[in-house]
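Residue numbers (our numbering), protein chains in the order written: chain E, 1 to 294; chain D, 1001 to 1286. Using N, Cα and C, we set each Cβ at its ideal position, and we do this for glycine too.
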């Protein structure tokens, strides 16, 4: 029977096609990216090898690169400290209510996560539109008309508006994760706390939140990575503007390569993006694992 | 008797608190989907009417013609068909390939398994956007740029890792003895996989299928980068197209947005349970 599961022909037939697709569409392209990142190619015509010049320029003389990392950091903080607590609180409320009501609520909260990012982006571009957008109309209705502005092109509001779109879109995910986590908390733990005379606040902060640490840390890992990887919603709303204020790295490398005609430079950004993404994933997982063990 | 007197107000207060809670949650849910209601509302207006101060408009003459214009001028039938072709092909292949790979990783014993697992891990971490630039050149060698196949291949690649992880989780729960006894009975490998393992992995297939379909249906940036011919483009483009062509005809743009949002919404309402389960599984394993 041992031979059954070590038949080489079968293993090759099962594993090779999938591996081949991953190698062809993901791993080889990254190899190409590394190669072109050492050139000054414009995307057409001749090019020459320039060594690490692109990387040196990005790291030492490119404020937009650092700005895009800073924006990812701001987005991450907004997600972790604003979106997550609200999502957790709502999930906690829903977990105490009837299953039918709670399920219909969860279904509604999750709708934005099921929609195409093109629809989401255009939806919010319309809402923020200064002439027919609903936000300015609501403000006018509430007597706050002087706050009306062109939300996505005003340098003071653009980043906030973009972050709002992303946070809104991801809210359903966060709620769902926390709800599912809360459902795994054994009833006995909660009951024991109640018998000991703990109020609901103490029950949550002392018992449930520590119990859910693995879930919370998993959500934070996802938040960190997805903050870095944002692209479509920015690409389709502000395109990084005004004045690169809402720039994110994926939009930036795209524009460099396909709009500014700096294909080599764009690839260097792309390689740095992969490196940062991998390092961040490892780092965040390490940090949270350590904390969980303490 | 005395306890009853104390109990009634407490009970009432609890009921009231619960009522407030329910109301709060419903209001928040309403706010969450209000943008969609707004889009639908405005999509039935005349474009010129959208500039007034009204937040929502009650129209006694809904402009359904906006929808027919969005449908035909937005090339929705053509784009829809393209989306169906690209997304169905990539989903079917992604499901089959990831099922096979997951089986090889969970059940089979081989030396290079670690390499396969590494490939799957890389697939989870690499952002789509970092392959956009090099694929433009690399796919160009194979004349894959501006073809449906050039979109189908990366769509398979970027969903494989997630799907493989889901399948691994499912296949682990199937007892090995089933396959072994089938093998003793003389069943061939394709038969064992197709008629014993695949049916037992069906719950994972539903999750994987719906998630893959939804992700690829909503994918925009690769389609935007690799496809140049209008006749090949996928559904999200109708929104972009409209913006250029009917830049001031907002109501028709809104109708178009609603039409594009409709298929994933329907899918979501039918499969919300599987989609939510898939989202969780992907997050926990990723």
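(1) Any C-beta of chain D sitting closer than 9 Å to the C-beta of residue 7/E?
(2) For residue 289/E and residue 273/E, I'd like the C-alpha separation in whole angstroms.
(3) Could you tell me the distance, in whole angstroms, from the CA atom of residue 116/E to the CA atom of residue 136/E?
(4) So residue 1061/D is in the alpha helix (DSSP H); what residue range does that whole segment cover?
(5) What residue range is occupied by the uninterrupted alpha helix (DSSP H) comprising residue 1159/D?
(6) So which residues of chain D does residue 266/E contact, with C-beta pairs closer than 8 Å?
(7) Can you tell me the Cα-Cα spacing of residue 16/E and residue 1231/D, whole angstroms?
(8) Whole angstroms are fine: how far does the CA of residue 1193/D sit from the CA of residue 1204/D?
(9) By alpha-carbon positions, which one of 1035/D, 1210/D and 1239/D ends up nearest to residue 1076/D?
(10) Along the stretch 224-240 of chain E, what residues have a CB closer than 9 Å to any CB found in chain D?
(11) Could you give the DSSP three-state label for residue 281/E: helix, strand or coil?
(12) Roughly how many angstroms lie between the CA atoms of residue 127/E and residue 1035/D, to the nearest whole one?
(13) Flag this pair as yes or no: are the beta carbons of residue 1253/D and residue 229/E separated by less than 9 Å?
(14) Out of 233/E, 178/E, 223/E and 112/E, which one is the CA nearest neighbour of residue 73/E?
(15) Mind listing the chain D neighbours of residue 46/E? Cutoff is C-beta to C-beta under 8 Å, in chain order.
(16) Is DSSP giving residue 57/E helix, strand or coil here?
(17) DSSP on residue 1108/D, reduced to helix/strand/coil?
(18) Hey, how far is the Cα of residue 1118/D from the Cα of residue 4/E?
(19) Is residue 22/E near the ligand MG - that is, is its Cβ less than 8 Å away from at least one heavy atom of it?
(20) What are the partner residues of residue 246/E, as DSSP defines its beta bridges?
(21) List, in order along the chain, the chain E residues whose C-beta lies closer than 8 Å to that of residue 1245/D?
(22) Can you tell me the Cα-Cα spacing of residue 1286/D and residue 1160/D, whole angstroms?
(23) So what's residue 13/E in DSSP terms, helix, strand or just coil?
(24) Whole angstroms are fine: how far does the CA of residue 80/E sit from the CA of residue 102/E?
(25) Do residue 1089/D and residue 1146/D come within 9 Å of each other at the CB atom, strictly closer than that value?
(26) Please determine if the stretch 43-56 of chain E and the stretch 136-148 of chain E are in contact, where contact requires at least 3 C-beta pairs separated by less than 8 Å.
(27) DSSP three-state label for residue 238/E, please.
(28) Could you list the residues in the stretch 128-140 of chain E with a C-beta less than 7 Å from some C-beta on chain D, going in chain order?
(29) Going by CA-CA distance only, name the one from 1130/D, 1095/D and 1103/D that's closest to residue 1171/D.
(30) At what residue ranges does the stretch 1175-1214 of chain D contain a whole run of the alpha helix (DSSP H), taking only runs of 4 or more?
(31) Thinking just about the alpha-carbon of each residue, which of 1042/D, 1135/D and 1279/D is nearest to the one in residue 1222/D?
(32) Near residue 177/E, what residues of its chain come up, given a Cβ to Cβ distance below 6 Å and the 5 sequence neighbours on each side ignored?
(33) Excluding five sequence neighbours on each side, which residues of the same chain lie with their C-beta closer than 8 Å to the C-beta of residue 1257/D?
(34) Suppose contacts are defined by Cβ-Cβ distances below 9 Å. Is residue 295/E in contact with residue 251/E by that definition?
(35) Does the stretch 31-46 of chain E come close enough to the stretch 251-270 of chain E to have 3 or more Cβ pairs within less than 8 Å?
(36) Quick one: measure Cβ to Cβ for residue 1197/D and residue 1267/D, integer angstroms, because I've assumed they're closer than 8 Å.
Reading it off the structure:
(1) yes
(2) 24 Å
(3) 25 Å
(4) No alpha helix (DSSP H) contains residue 1061/D, which DSSP labels as neither H nor E.
(5) 1149-1171
(6) 1133
(7) 34 Å
(8) 15 Å
(9) 1239/D
(10) 225, 228, 229, 231, 232, 235 and 236
(11) helix
(12) 8 Å
(13) no
(14) 223/E
(15) Correct list: empty, because the minimum Cβ distance to chain D is about 15 Å.
(16) helix
(17) coil
(18) 24 Å
(19) Ligands are entirely absent from the displayed structure, and the ligand MG is therefore not among its contents.
(20) Answer is none; residue 246/E lacks a bridge partner.
(21) Here the premise fails: no neighbours, minimum Cβ distance about 14 Å.
(22) Model confidence at residue 1286/D stands at a pLDDT of 43, short of 50, so the residue's coordinates are unreliable; what they give is reported in the following sentence. So the alpha carbons of these two residues sit roughly 13 Å apart.
(23) helix
(24) 24 Å
(25) no
(26) no
(27) coil
(28) 131, 132, 134, 137, 138 and 140
(29) 1103/D
(30) 1176-1184 and 1189-1192
(31) 1135/D
(32) 219
(33) 1039, 1043 and 1239
(34) Only positions 1 to 294 of chain E appear in the structure, and residue 295/E is not among them; the question remains open.
(35) yes
(36) That pair is no contact at about 27 Å.
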